[in-house]
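According to my numbering, the sequence shown is numbered sequentially starting from 12. The C-beta atom is built at its ideal place from N, Cα and C for all residues, glycine as well. Please read the structure below before turning to the comments.
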Amino acid sequence: MDQRDFAKTLRQTMTDAERLLWKHLRAHRLLDQKFRRQHPIGPYIVDFVHLGARLIIESDGSQHNESNTDPQRDAWLKQQGFQILRFWNHDILNNTESVLTEILNSLTPLSPRGRGVGGEGGSE
12 MDQRDFAKTL RQTMTDAERL LWKHLRAHRL LDQKFRRQHP IGPYIVDFVH
62 LGARLIIESD GSQHNESNTD PQRDAWLKQQ GFQILRFWNH DILNNTESVL
112 TEILNSLTPL SPRGRGVGGE GGSE
């Protein structure tokens with residue numbers, strides 16, 4: 012099975028936590044931002060990604076407790092310029108608003124000092 016077919020299979024078999032998070036991320040529902048789910052990046056498939064912000068969101072269940080591949084995978088993805096947020100399924104299901112707030116905070120970094128929200132300087 013090639014990577015695209017495998018990603019499609021993963022999209023069809025999402026966990027409850029992934030489904031809940033996707034409900035909030037899909038169709039530009041989170042601050043009109045575009046996310047993709049079960050998206051191939053290089054040799055890996057990530058749970059969710061905002062390509063423009065280079066932000067990856069991973070939903071971790073018990074299968075990740077003893078995974079030796081996550082550190083290698085994360086290192087490779089970080090070398091490609093991606094930031095990775097990991098959330099336990101339990102937190103996604105029970106603390107959804109906190110998870111969404113953390114995602115939003117990662118998408119909207121503080122404005123550079125001395126600049127306004129739109130990136131324009133003050134009145135001069």
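Can you check which of these residues, the options, is closest to residue i by C-alpha distance?
i: residue 46; options: 53, 60, 102; result: 60
i: residue 215; options: 101, 111, 56, 64; result: Residue coverage of the chain in this structure runs from 12 to 135, which leaves residue 215 outside it and unanswerable.
i: residue 55; options: 41, 43, 87; result: 87
i: residue 109; options: 26, 13, 35; result: 35
i: residue 29; options: 83, 51, 115, 103; result: 103
i: residue 62; options: 82, 26, 91; result: 91
i: residue 31; options: 101, 65, 64; result: 101
DSSP on residue i, reduced to helix/strand/coil?
i: residue 53; result: coil
i: residue 66; result: strand
i: residue 43; result: coil
i: residue 94; result: strand
i: residue 13; result: coil
Rounded to whole angstroms, what's the CA-CA distance from residue i to residue j? Just pull it up for me.
i: residue 89; j: residue 40; result: 26 Å
i: residue 52; j: residue 43; result: 23 Å
i: residue 117; j: residue 93; result: 12 Å
i: residue 81; j: residue 49; result: 16 Å
i: residue 105; j: residue 27; result: 11 Å
i: residue 119; j: residue 84; result: 25 Å
i: residue 13; j: residue 25; result: 19 Å
Counting C-beta neighbours from all protein chains within 10 Å, is the total for residue i 16 or more, i.e. buried, or is it exposed?
i: residue 58; result: buried
i: residue 38; result: exposed
message: Below 8 Å, how does it come out for the segment 90-104 and the segment 61-69: are there three or more Cβ pairs, yes or no?
response: yes
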